[in-house]
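Single-structure report; data block below.
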Amino acid sequence: MKNQVYKFIHHKVSSVQTKIDALLPKYDLQEKHIANLKVLTNREVLLERLPKNGIVAELGVNEGKFSQEILSISKPQILHLVDTWDSERYHGGLKSQVELTFESQIMEGKIKIHQGYSTVLESSFHDKYFDWIYIDTDHSYQNTKNELQAYKDKIKPEGFIAGHDYSQGNWSKILRYGVMEAVHEFCIEEGWELIYLTIEMSNNPSFAIKKIHS
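Under this note's numbering, think of the first position of the sequence shown as 1, with each following residue one higher.
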């Protein structure tokens with residue numbers, strides 16, 4: 001009986017995942033998109049490589065743990081924290097926690113809190129404003145694609161778009177991500193290149209891309 005139930009559930013899940021995967025575009029990068037690529041051990045090392053003392057945004061903040069690392073390692077002039085904080089898992093209580101954690105930095109103007117959808121809030125930032133941003137929202141193909149398009153003009157000419165979950169999915173939760181597909185498509189269509197990839201096993205990989213300048 002258990003084997004029959006397992007086979008039934010496995011078949012249903014596999015069927016759904018196959019359909020989701022079929023909807024995602026598959027783009028192979030060219031040599032020019034990886035010519036300057038460097039592999040890093042983890043995303044803390046990535047923070048060391050990204051511009052220091054810059055203007056930065058983190059899209060998808062949760063309770064602010066990675067925000068603390070950005071603040072400590074990258075020492076940004078201004079760190080914009082963007083999140084909806086509107087779901088059961090990512091709720092308003094977490095926003096209050098973030099505000100309490102960074103109370104002094106918020107008072108100093110070093111950290112600015114923005115509640116809402118990243119693709120809506122992008123209009124409040126000037127073009128060529130950010131030295132870099134880090135995307136860690138819902139990891140879906142469509143939302144990642146929308147965020148890349150929304151923020152591409154908000155990045156300084158030598159700036160970066162970085163992000164989390166550069167992988168095909170979360171096996172334990174049976175979730176299919178679309179970050180890789182969205183990033184590859186964006187690089188090919190918009191003329192950007194992969195500069196950094198992290199390879200840690202204790203965390204999902206991160207990426208960083210920048211505009212190709214001929």
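Even for Gly, the Cβ is constructed at its ideal location relative to N, Cα and C.
Member of Ala150, Lys110 and Asn146 whose CA lies at the smallest distance from the CA of His126: Ala150
Other residues of its chain near Gly191: CB distance less than 6 Å, five sequence neighbours each side excluded: Ile212
Cβ neighbours of Gln77 in the same chain (closer than 8 Å, five flanking residues each side left out): Asn53, Gly54, Ile55 and Lys110
Glu158 to Lys210 span [Cα, whole Å]: 7 Å
Residues sharing a beta bridge with Trp192, DSSP: Lys211
Extent of the continuous alpha helix (DSSP H) to which Tyr141 belongs: Tyr141 to Tyr151
Which of helix, strand or coil DSSP assigns to Val183: helix
Boundaries (first-last residue) of the beta strand (DSSP E) holding Ile155: Ile155 to Gly163
Helix, strand or coil at Leu24 according to DSSP, with G and I counted as helix: coil
CB contact flag (Thr84, Gly116, <8 Å): yes
Pair within 8 Å by beta-carbon distance, Tyr134 and Gly178: no
Beta-bridge pairing of Val82 - partner residues as DSSP gives them: Leu59 and His114
Simplified DSSP assignment, three categories, for Lys52: coil
Nearest-angstrom Cβ-Cβ length linking Ser118 and Glu147, presumed shorter than 8 Å: 6 Å
For Asp153 and Ser72, the rounded distance between their alpha carbons: 27 Å
Straight-line Cα distance separating Asn42 from Ile34: 19 Å
Distance between Asn143 and Lys38 (C-alpha atoms, nearest Å): 26 Å
Coarse secondary structure for Leu197, derived from DSSP in three states: strand
Same chain, Cβ closer than 7 Å to Pro205, neighbours up to 5 away in sequence not counted: Tyr166, Ser167, Leu197, Thr198 and Ile199
Residues of its chain near Gly60, where Cβ-Cβ distance is below 7 Å and the 5 sequence neighbours each way are ignored: Asp83, Ile135, Asp136 and Thr137
Residue interval of the beta strand (DSSP E) (run including Lys38): Lys38 to Leu40
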